[in-house]
Amino acid sequence: MKMEVQDISKQIIDPKNLVYDRSPLMTDNVLTYCPGCGHGVVHHLMAEVIDEMGIQSETIGVAPVGCSVLAYEFLDVDWLQAPHGRAPAVATGLKRIMPEKYIFTYQGDGDLAAIGTGETIHACNRGEHITIIFINNGIYGMTGGQMAPTTLPGMATSTSPYGRDVSTMGYPIKMTELVAQLPGTYYVTRQAVHKPGNVRKTKKAIQKAFENQKLKKGVSLVEVVSNCNNGWKMTPVKSNTWMEENMFPYYPLGDIKVDGELVK
């Protein structure tokens, strides 16, 4: 007996039953991030937020050097490249000449918390009406796995093969807690994207950070603690476990400052 095979390729999907769809703001370029890296997830979340807010034509992103520079290839909004560490300064200039635009930076920890420390601190202290998306994976991912300002004590890298020694190398910088103390920051939070529940929380945080620009009350900064399985020399699954066991205790997830008030 010949069985009939039902062709469902042309069936219309009921939007009410749609769980996930690819954002139209993502380009057709294949993501070139290492498999298991959190960058790609954050890109999709930014695309979804910008699309759902209907602000694609009003959004300008600024990304500097490092893995973040690849964002231009994948997110279909206007972009401007900044020198290493200078994204907050470039974003400041853009926002001041085009205050009606949604301006955001996309930066890694080696960029934002190392060469860009001064730019970050002063932009936050001035209370620029911009959004900062900060990816913290505790290492310089693109350039060879060197120690970053966020590298944990005892954590081995290509430039600290015996582990970070705080007696000679200093302690990791908690940039998010640091900028939360500044009067120019309005919303400061730390999230992750390694599990579905965390992905949803991060999307809400990114949306709030963009919406806050309309209030003109200062900087909104969203830190995303992520893995770097390539730099950490681990499988994606093992790197996520290591992140939960080691990164989260030092960089705890959650809101730090909401609507201009520190969370108790």
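So the sequence shown is residues 141 to 404, counted in my numbering. For each residue, glycine too, the CB sits at the ideal point set by N, CA and C. Every value quoted in this text rests on a predicted model; they were computed, and no experiment measured them.
Asked: Buried or exposed: where does residue 404 fall if 16 or more other Cβ atoms within 10 Å of its Cβ makes it buried?; Found: exposed
Asked: Among the candidates 175, 385, 183, 383, whose CA atom is the shortest distance from the CA of residue 274?; Found: 183
Asked: Just tell me which of 222, 333, 362 has its CA closest to the CA of residue 181.; Found: 333
Asked: By DSSP, does residue 291 sit in helix, in strand, or in coil?; Found: coil
Asked: Expressed to the nearest angstrom, what Euclidean distance is found between the alpha-carbon atoms of residue 278 and residue 288?; Found: 6 angstroms
Asked: What does DSSP give as the partner residues of residue 219 in its beta bridges?; Found: 201
Asked: Report the rounded CA-to-CA distance for residue 214 versus residue 167, giving the unit in angstroms.; Found: 5 angstroms
Asked: Is the Cβ-Cβ distance between residue 241 and residue 328 less than 7 angstroms?; Found: no
Asked: Are the segment 198 to 214 and the segment 358 to 366 touching, with three or more C-beta to C-beta distances below 8 angstroms?; Found: no
Asked: Counting only the same chain and skipping the five closest in sequence on each side, list residues whose C-beta sits under 6 angstroms from that of residue 229.; Found: 259
Asked: Grab the span of the beta strand (DSSP E) containing residue 162 for me, first residue to last.; Found: Premise fails: residue 162 is in no beta strand (DSSP E) and is neither H nor E.
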